[in-house]
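Numbering (UniProt numbering), first residue to last: 1 to 371. For glycine and all other residues, C-beta sits at the position ideal for the given N, C-alpha and C. This structure is a prediction, so every number in the text was calculated from the model and none was measured.
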């Protein structure tokens, strides 16, 4: 081994650093003058069950989102039962490491507790009762974490692909007023917290315009909304850099911050003609849909790095409009895209591989700041 490399490794070990990061700038430090760098964490990571993962999370990121543990079915499983254990641990982890915390998510039609829309007799509740239940849910949760959780995804995925309102049970019972009420209740519970609307495919023109309509509607009623969360579940080819830039500029014109809340880039072929993040969709696996079960070819690794570099060059260009970029998962082995929309595939969507090592994409992202 080269004697200088040996010296670096020795010094890194003495300092308690992984040699892997001895010469690597962390994401949060590289982008400290640009925007927050966040990661979605699962239950095991919230519980700090794996020290290597905890160290990677705290060294690389300065914003935390619970991947699932703050969704309604987990945090409010029964009408008069709240389960704050995991959210408390998330807040404690963030507080110990000076991290920004996003509560995800208050009102969403999916991963919902079964009691929400039903009376004791099993009938569907009316608008007045649903409004009461939304208020109790939000005021209890946001109120408990007032001053501890910095921002909330207040309403998640309320739009259909054409930009109209999704025909969820929330909408069928309450119309668009459920969105107004959710934002009002959240602001009342914690006036200082940032409040966001979050959805997928918000780069697509129809859905983008739908989100802008929601933002402008809330603002017209003097209802606080601070940002739009663009779930960036993208591929090597879509959406185009030009379309992403147009969306950033149009959202910023409404006066809200832009967040890229669920960034990952699939390298696998899509079984459909247009992207989606609808969790109810699934397809059958086959070798054509899972071409890299034993590792990613260098050529595709380069494609992924180049794609991430293009995206972050754009983000840097518009850093005055962007508040945060959050990766949806810490490393490739934990990416939900291994199982969606086809279960059992091997995808490589993130900046760290299955051994927690930084990929070419990691270095390409860092270099967009350094060069």
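CA-CA distance, residue 31 and residue 61?
10 Å
Is residue 167 buried or exposed, if buried means 16 or more other CB atoms sit within 10 Å of its CB?
The Cβ neighbour count for residue 167, taken over all protein chains shown within 10 Å, is under 16; the residue is labelled exposed.
Which residues does DSSP list as the beta-bridge partners of residue 260?
In DSSP, residue 260 forms a bridge with 230, 325.
Alpha helix (DSSP H) containing residue 314: first to last residue?
298–317
Report the residue ranges of all alpha helix (DSSP H) runs contained in full by the stretch 101–175; include only those spanning at least 4 residues, in chain order.
127–144, 169–174
Pull up the CB-CB distance for residue 310 and residue 360, whole angstroms please, since I reckon it's below 8 Å.
About 14 Å; that fails the 8 Å criterion.
Roughly how many angstroms separate the alpha carbons of residue 314 and residue 122, rounded to a whole number?
50 Å
From 202, 187, 289, pick the residue whose C-alpha is nearest to that of residue 195; which is it?
In this structure, 187 is the residue among 202, 187, 289 with its C-alpha nearest to the C-alpha of residue 195.
Could you pull the start and end residues of the alpha helix (DSSP H) that residue 193 belongs to?
Element bounds for residue 193: n/a, residue is neither H nor E.
Given residue 213, which residues of its chain have a CB within under 6 Å of its CB, disregarding the five upstream and five downstream residues?
none
Taking Cβ to Cβ, would you say residue 271 is nearer than 8 Å to residue 342?
yes
If you drop the 5 nearest sequence neighbours on each side, which residues of the same chain put their C-beta closer than 7 Å to that of residue 119?
125
Classify residue 333 as helix, strand or coil using the three-state DSSP reduction.
helix
If you run the structure through DSSP and keep just helix, strand and coil, what is residue 198?
Shown here, residue 198 sits in a strand according to DSSP, grouped into three states.
Can you tell me the Cβ-Cβ gap for residue 128 and residue 211, rounded? I've got them flagged as a contact below 8 Å.
Rounded, the Cβ-Cβ distance is 28 Å, inconsistent with contact.
Using alpha carbons as the reference points, say which of 54, 67, 83, 161 lies closest to residue 40.
Taking only the C-alpha atoms, the option nearest residue 40 is 67.
With 16 other CB atoms within 10 Å as the buried threshold, where does residue 103 fall?
Classification for residue 103: buried.
With DSSP as the reference, label residue 266 as helix, strand or coil.
strand
Under a Cβ-count criterion, where at least 16 other Cβ atoms within 10 Å of its own Cβ denotes burial, should residue 233 be classed as buried or exposed?
Residue 233 counts as buried, since at least 16 other C-beta atoms from the protein chains shown sit within 10 angstroms of its C-beta.
Select from 101, 115, 36 the residue whose C-alpha is nearest the C-alpha of residue 404.
This structure leaves residue 404 out entirely; the chain is present only between 1 and 371.
Excluding sequence positions up to five away, which residues of its chain have a Cβ less than 7 Å from the Cβ of residue 384?
In the structure displayed, the chain extends from 1 to 371; residue 384 sits before or after that span and is not available.
Between residue 140 and residue 263, what straight-line distance do the alpha-carbon atoms span, to the nearest angstrom?
Approximately 30 Å, taken between the alpha carbons.
Among the residues of its own chain, which have a CB less than 8 Å from the CB of residue 266, if the five just before and after it don't count?
233, 234, 235, 236, 337, 347, 349
Measure the C-alpha to C-alpha separation of residue 174 and residue 261 and round it to an integer number of angstroms.
27 Å
Give the DSSP-derived three-state secondary structure of residue 99 in the structure shown.
coil
Suppose contacts are defined by Cβ-Cβ distances below 8 Å. Is residue 111 in contact with residue 71 by that definition?
yes
Verify whether the separation of the beta carbon atoms of residue 64 and residue 36 is less than 8 Å.
no
Just to confirm my understanding: we take residue 137, look at its own chain, exclude 5 residues before and 5 after, and list those with CB closer than 6 Å. What are they?
76
If distances are taken between C-alpha atoms only, which option among 53, 34, 28 comes closest to residue 333?
53
Using the Cα positions of residue 33 and residue 81, report the straight-line distance between them to the nearest angstrom.
Their backbone Cα atoms lie some 42 Å apart in a straight line.
Can you tell me which of the three DSSP states residue 21 falls into?
Any reading at residue 21 must be qualified, since the residue scores a pLDDT of 42, below 50, and its modelled position is unreliable; the value itself is stated next. Here residue 21 sits in helix by DSSP.
Where does residue 58 sit, in a helix, a strand or coil, going by DSSP?
DSSP places residue 58 in helix when its eight states are reduced to three.
To which residues does DSSP link residue 352 through a beta bridge?
358
For the alpha helix (DSSP H) that residue 210 lies in, which residues bound it at each end?
205–220
Enumerate in chain order the residues of its own chain whose CB-to-CB distance from residue 197 is below 6 Å, with the five nearest sequence positions on each side excluded.
Within the same chain, 155, 214, 228 come within 6 Å of residue 197 by CB-CB distance, once the 5 residues on both sides are set aside.
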